[in-house]
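K.L.:
As they're listed, the protein sequences go chains U and F. The first sequence: position 59 = 58 (numbering that gives the first Met the number 0), numbered continuously. The second sequence: position 186 = 185 (numbering that gives the first Met the number 0), numbered continuously. Quick one: the structure is below, and I'll ask about it shortly.
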Amino acid sequence: MGDSQYSFSLTTFSPSGKLVQIEHALTAVGSGQTSLGIKAANGVIIATEKKLPSILVDETSVQKIQLMTTNIGVVYSGMGPDSRVLVRKSRKQAQQYFRLYKEPIPVTQLVRETAAVMQEFTQSGGVRPFGVSLLVAGYDDNGPQLYQVDPSGSYFSWKASAMGKNVSNAKTFLEKRYTDDMELDDAVHTAILTLKEGFQGQISGKNIEIGIVGADRKFRVLTPAEIDDYLAEVE
Amino acid sequence: MHVIVEGDRERMARFAADAPTRGGFSFDLCQRNEMLLKKGTQLPTFRKTGTTIVGLVFEDGVILGADTRATEGPIVADKNCEKIHYMAPNIYCCGAGTAADTEAVTDMVSSQLQLHRYATGRESRVVTALTLLKSHLFSYQGHVSAALVLGGVDITGPHLHTVYPHGSTDTLPFATMGSGSLAAMAVFESKFREGLTRDEGIKLVSEAICSGIFNDLGSGSNVDVCVITRGQTEYLRNHQLPNPRTYVSSRGYNFLKGHTEVLSTKITPLKSKVEAPAEVDAMEE
Numbered sequence: 000m001g002d003s004q005y006s007f008s009l010t011t012f013s014p015s016g017k018l019v020q021i022e023h024a025l026t027a028v029g030s031g032q033t034s035l036g037i038k039a040a041n042g043v044i045i046a047t048e049k050k051l052p053s054i055l056v057d058e059t060s061v062q063k064i065q066l067m068t069t070n071i072g073v074v075y076s077g078m079g080p081d082s083r084v085l086v087r088k089s090r091k092q093a094q095q096y097f098r099l100y101k102e103p104i105p106v107t108q109l110v111r112e113t114a115a116v117m118q119e120f121t122q123s124g125g126v127r128p129f130g131v132s133l134l135v136a137g138y139d140d141n142g143p144q145l146y147q148v149d150p151s152g153s154y155f156s157w158k159a160s161a162m163g164k165n166v167s168n169a170k171t172f173l174e175k176r177y178t179d180d181m182e183l184d185d186a187v188h189t190a191i192l193t194l195k196e197g198f199q200g201q202i203s204g205k206n207i208e209i210g211i212v213g214a215d216r217k218f219r220v221l222t223p224a225e226i227d228d229y230l231a232e233v234e
Numbered sequence: 000m001h002v003i004v005e006g007d008r009e010r011m012a013r014f015a016a017d018a019p020t021r022g023g024f025s026f027d028l029c030q031r032n033e034m035l036l037k038k039g040t041q042l043p044t045f046r047k048t049g050t051t052i053v054g055l056v057f058e059d060g061v062i063l064g065a066d067t068r069a070t071e072g073p074i075v076a077d078k079n080c081e082k083i084h085y086m087a088p089n090i091y092c093c094g095a096g097t098a099a100d101t102e103a104v105t106d107m108v109s110s111q112l113q114l115h116r117y118a119t120g121r122e123s124r125v126v127t128a129l130t131l132l133k134s135h136l137f138s139y140q141g142h143v144s145a146a147l148v149l150g151g152v153d154i155t156g157p158h159l160h161t162v163y164p165h166g167s168t169d170t171l172p173f174a175t176m177g178s179g180s181l182a183a184m185a186v187f188e189s190k191f192r193e194g195l196t197r198d199e200g201i202k203l204v205s206e207a208i209c210s211g212i213f214n215d216l217g218s219g220s221n222v223d224v225c226v227i228t229r230g231q232t233e234y235l236r237n238h239q240l241p242n243p244r245t246y247v248s249s250r251g252y253n254f255l256k257g258h259t260e261v262l263s264t265k266i267t268p269l270k271s272k273v274e275a276p277a278e279v280d281a282m283e284e
């Protein structure tokens, strides 16, 4: 944090009416690794590239897709450490909601609260906006849902979306391939093909991550072996 | 929202004398309460569970048992309450003492365990639940009246503990708590042995709870059992119902005229009903 001189917000308006810090945060997101999400008729899938800085890194120790509750998962594009802070806060908020209402938190409520935290950091003293955009995937009483949350704190519900590097190509690809009656398996194949589009190098279960949640409402991250099976089907 | 920054903390340190200590019970109102008691005002009573709760370790894991009566003084407030609380998929906790306290403290620790599971990616351990419970109860110096029997199976094996309201704990192969604990312990001391099978264990736990149900006024109604083994938990709600309602007449009750003495009679005729005309002028604006 800053010292006592910085009790004012560092995010201030430019003469053109923009919040430049947030624009820069979005740039940080745009240079992060590609991630995407697809809402199927019977579930949601989120996926991301998992490019490690060196072959010496133990890839089993890295997990980018995290659980927020048993039926809601999240992936990010941008600065990993920033996403960890948000995931931790959201998990706690979900527990507090459950303690108060004895009901698992609906996806929209969790997204709203996460977005509120991100907005706080654009209007508080001595802090900077988060350098991540999140894709939140969940299945609750309102069915499968996919939300994107930006550093500004705005959130959008998507049928399919992508973030990070290569976002325009990925979105174009998704627009062509998306159908409303897609099944979860089809969505996984589509996600893999979309990631393949911009992938540099050989794609495998070790350098991408996929998380799914179906009608069973249990979010889980696929094992590298399962991803390799899907990859084989796609080829 | 103003985020507290280093500078603020330095400023706050200047007013440290006024800042309240964090955590634990605030005894500020004790003087006022004593004064009120002397004046004659009565403190509101709280619902105690007046309970029999038990736990034992058997060959494959842990079995917990509880009765289902909740009392408010001499009155039965709930004839079929749930005293075996969920802590984690592999850990359950029976609660005796003040119902609100046991409920709140187990809910709180259950929530903390879930957050810990997300952070570590591992199954919760019984000692974690134990430590969270005892630190909380100790910091409230016994004012949180929760006496618990905590049991579960984790990667290190089956565990059974008792937790007292002041925060002390015991680790035991078999345990009983609550007002019916002596009746239940008599059964355990006589019949418990190591390496019981699942059916033997359930039978013994049910016997101990029944002993509490029939011999202790604070316990009654039904027997709840929870069997926890490696990888599987079975919550047998109302495993036994030794106190069924047998006095309901199937013919129903018919109270004839003349059964009740009539003290006085007053007849008030209702006013006659006036039909509104069907044709009504529309309201003018």
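Beta carbons: idealized from backbone N, C-alpha and C, even for Gly.
Among residues of its own chain, excluding the 5 on either side of D7(F), which ones have a beta-carbon nearer than 7 Å to its beta-carbon?
P.N.:
By 1-based counting over the second sequence, the position of residue 7(F) is 8. Residue confidence for D7(F) is low, a pLDDT of 49 falling below 50, so the modelled location carries little weight and cannot support an answer.
K.L.:
Is it buried or exposed, Y117(F), if we count other Cβ atoms within 10 angstroms and call 16 or more buried?
P.N.:
Numbered from its first residue, the second sequence carries residue 117(F) at position 118. Per the 10 Å Cβ criterion, buried.
K.L.:
On a Cα-Cα basis, can you pick out the residue from S34(U), V86(U), P128(U) and S53(U) that is closest to I44(U)?
P.N.:
For this step, residue 44(U) is matched to residue 45 along the first sequence. Nearest of S34(U), V86(U), P128(U) and S53(U) to I44(U), Cα basis: S34(U).
K.L.:
Is N214(F) helix, strand or coil by DSSP?
P.N.:
The residue labelled residue 214(F) in the question sits at position 215 within the second sequence. Correct three-state label for N214(F): helix.
K.L.:
Where E206(F) and V186(F) are concerned, what is the direct C-alpha to C-alpha distance, given to the nearest angstrom?
P.N.:
Residue mapping note: residue 206(F) aligns to position 207 of the second sequence, counting from 1. Residue mapping note: residue 186(F) aligns to position 187 of the second sequence, counting from 1. E206(F) and V186(F) have their alpha carbons spaced roughly 7 Å apart.
K.L.:
Name the chain F residues whose beta carbon is nearer than 7 Å to that of K91(U)?
P.N.:
The count along the first sequence starts at 1 and reaches residue 91(U) at position 92. By Cβ distance, chain F contributes L114.
K.L.:
Can you check whether the CB of P150(U) is closer than 8 Å to the CB of V131(U)?
P.N.:
Taking the first sequence and counting its residues from 1, the one referred to as residue 131(U) is at position 132. Taking the first sequence and counting its residues from 1, the one referred to as residue 150(U) is at position 151. In contact: V131(U) and P150(U) (Cβ atoms closer than 8 Å).
K.L.:
In angstroms, rounded to a whole number, what distance separates the CA positions of I3(F) and D179(U)?
P.N.:
As a position in the second sequence, residue 3(F) is number 4, starting the count at 1. As a position in the first sequence, residue 179(U) is number 180, starting the count at 1. Because the pLDDT at I3(F) is just 49, under 50, the model does not fix this residue reliably, and the point stays unresolved.
K.L.:
Measure from the C-beta of R98(U) to each C-beta in chain F and report whether the shortest distance is under 8 Å.
P.N.:
On the first sequence, residue 98(U) is found 99 positions in, with the first residue counted as 1. Judged by the 8 Å Cβ criterion, R98(U) is in contact with chain F.
K.L.:
What does DSSP give as the partner residues of M86(F) in its beta bridges?
P.N.:
The sequence position of residue 86(F) within the second sequence is 87, counting from 1. DSSP lists no partner for M86(F).
K.L.:
Taking 8 Å as the CB-CB cut-off, is A145(F) touching chain U?
P.N.:
On the second sequence, residue 145(F) is found 146 positions in, with the first residue counted as 1. Chain U contact via Cβ: absent.
K.L.:
My parser needs the alpha helix (DSSP H) runs of 4 or more residues fully inside the segment 60 to 137 of chain F; what are they?
P.N.:
98 to 119
K.L.:
Can you say whether P241(F) is buried or exposed, counting buried as having 16 or more other CB atoms within 10 angstroms of its CB?
P.N.:
Start at 1 with the first residue of the second sequence, and residue 241(F) comes out as number 242. Classification of P241(F): exposed, given that the 10 Å Cβ count is below 16.
K.L.:
Under 7 Å Cβ-Cβ, which residues of chain F neighbour Q94(U)?
P.N.:
Numbered from 1 along the first sequence, position 95 holds the residue referred to as residue 94(U). The contacting residues are S110, Q113 and L114.
K.L.:
To the nearest angstrom, report how far apart E274(F) and I74(F) are at their CA atoms.
P.N.:
Within the second sequence, residue 274(F) is the residue found at index 275, counting from 1. Within the second sequence, residue 74(F) is the residue found at index 75, counting from 1. E274(F) and I74(F): Cα-Cα distance of roughly 53 Å.
K.L.:
In terms of DSSP beta bridges, what is T170(F) paired with?
P.N.:
Within the second sequence, numbered from 1, the residue matching residue 170(F) stands at position 171. T170(F) pairs with H160(F).
K.L.:
Would you decide whether T267(F) is buried or exposed? Buried here means 16 or more other CB atoms lie within 10 Å of its CB.
P.N.:
Here residue 267(F) is taken as the residue at index 268 of the second sequence, counted from 1. With fewer than 16 Cβ atoms within 10 Å of its Cβ, T267(F) is classed as exposed.
K.L.:
For D179(U), which of helix, strand or coil comes out of DSSP?
P.N.:
The count along the first sequence starts at 1 and reaches residue 179(U) at position 180. Three-state DSSP puts D179(U) in coil, outside helix and strand.
K.L.:
Measuring alpha carbon to alpha carbon, tell me which residue in S156(U), G137(U), S6(U) and K49(U) is nearest G200(U).
P.N.:
For the purposes of this step, residue 200(U) is taken as the residue at position 201 of the first sequence. The option with the nearest alpha carbon to G200(U) is K49(U).
K.L.:
Going by the beta-carbon positions, is the gap between H188(U) and Y146(U) smaller than 8 Å?
P.N.:
On the first sequence, position 189 is the one that residue 188(U) refers to. On the first sequence, position 147 is the one that residue 146(U) refers to. No; because the gap between Cβ atoms is not below 8 Å, this pair is not in contact.
K.L.:
Under 8 Å between the Cβ atoms of Q92(U) and E112(U)?
P.N.:
Here residue 92(U) refers to the residue found at position 93 of the first sequence. Here residue 112(U) refers to the residue found at position 113 of the first sequence. Cβ atoms of Q92(U) and E112(U): closer than 8 Å.
K.L.:
Step through the CB atoms of chain F and report whether any lies within less than 8 Å of the CB of L221(U).
P.N.:
By 1-based counting over the first sequence, the position of residue 221(U) is 222. Output row for L221(U): interface = no.
K.L.:
Counting only beta-carbon separations shorter than 8 Å, does L66(U) have a partner in chain F?
P.N.:
Within the first sequence, the letter at position 67 stands for residue 66(U). It does: the Cβ of L66(U) has a partner Cβ on chain F nearer than 8 Å.
K.L.:
Check for me: the alpha helix (DSSP H) holding K190(F) runs from which residue to which?
P.N.:
Position 191 of the second sequence holds residue 190(F). Where K190(F) is concerned, the enclosing alpha helix (DSSP H) stretches over S180 to K190.
K.L.:
Whose C-beta lies closer than 7 Å to the C-beta of I226(U) among residues of the same chain, with five residues either side of it excluded?
P.N.:
Translated into positions along the first sequence, residue 226(U) becomes position 227. So the qualifying residues of the chain are G204, I207 and I209.
K.L.:
Apart from the five residues on each side of it in sequence, which residues of its chain come closer than 6 Å, Cβ to Cβ, to G179(F)?
P.N.:
To locate residue 179(F), count along the second sequence from 1; it is residue 180. Only T51, G211, D215 and S218 meet the Cβ criterion.
K.L.:
Just the C-alpha distance for S123(U) and D100(F), rounded to the nearest angstrom, thanks.
P.N.:
Stepping through the first sequence from its first residue, residue 123(U) is reached at position 124. Stepping through the second sequence from its first residue, residue 100(F) is reached at position 101. Those two C-alpha atoms are separated by around 38 Å.
K.L.:
Can you tell me the Cα-Cα spacing of P52(U) and S160(U), whole angstroms?
P.N.:
Here residue 52(U) corresponds to residue number 53 of the first sequence, with the count starting at 1. Here residue 160(U) corresponds to residue number 161 of the first sequence, with the count starting at 1. So the two alpha carbons sit approximately 26 Å from each other.
K.L.:
Report the partner residues of A136(U) according to the DSSP bridge assignment.
P.N.:
Along the first sequence, read from residue 1 onward, the residue named residue 136(U) stands at position 137. Paired residues: G72(U) and L145(U).
K.L.:
If you follow the alpha helix (DSSP H) that Q231(F) is part of, which residue opens it and which one closes it?
P.N.:
On the second sequence, residue 231(F) is found 232 positions in, with the first residue counted as 1. Unbroken run through Q231(F) is the beta strand (DSSP E), Q231 to Q239; no alpha helix (DSSP H).
K.L.:
Mind pulling the chain U residues with CB within less than 7 Å of D106(F)?
P.N.:
As a first step, residue 106(F) must be located in the second sequence, where it is residue number 107. Here the neighbours are R98.
K.L.:
Roughly how many angstroms separate the alpha carbons of G1(U) and S8(U), rounded to a whole number?
P.N.:
Position 2 of the first sequence, counting from 1, holds the residue named residue 1(U). Position 9 of the first sequence, counting from 1, holds the residue named residue 8(U). Reliability fails at G1(U), whose pLDDT of 47 lies under 50, so the model's placement of it is uncertain and no value is given.
K.L.:
Considering only their Cβ atoms, is the gap separating T69(U) from K217(U) smaller than 8 Å?
P.N.:
Position 218 of the first sequence, counting from 1, holds the residue named residue 217(U). Position 70 of the first sequence, counting from 1, holds the residue named residue 69(U). Yes.
K.L.:
Note down, in chain order, every chain U residue with its Cβ under 7 Å from the Cβ of Y117(F).
P.N.:
On the second sequence, position 118 is the one that residue 117(F) refers to. For a Cβ distance threshold of 7 Å, residue set L66 and R90 of chain U lies close to Y117(F), ordered along the chain.
K.L.:
Mind the definition here: the segment 22 to 38 of chain F touches the segment 187 to 207 of chain F only if three or more C-beta pairs lie below 8 Å; say whether that holds.
P.N.:
no
K.L.:
L55(F) and F173(F): beta carbons closer than 8 Å?
P.N.:
Mapped onto the second sequence, residue 55(F) falls at position 56. Mapped onto the second sequence, residue 173(F) falls at position 174. In this structure, F173(F) lies closer than 8 Å to L55(F) by Cβ.
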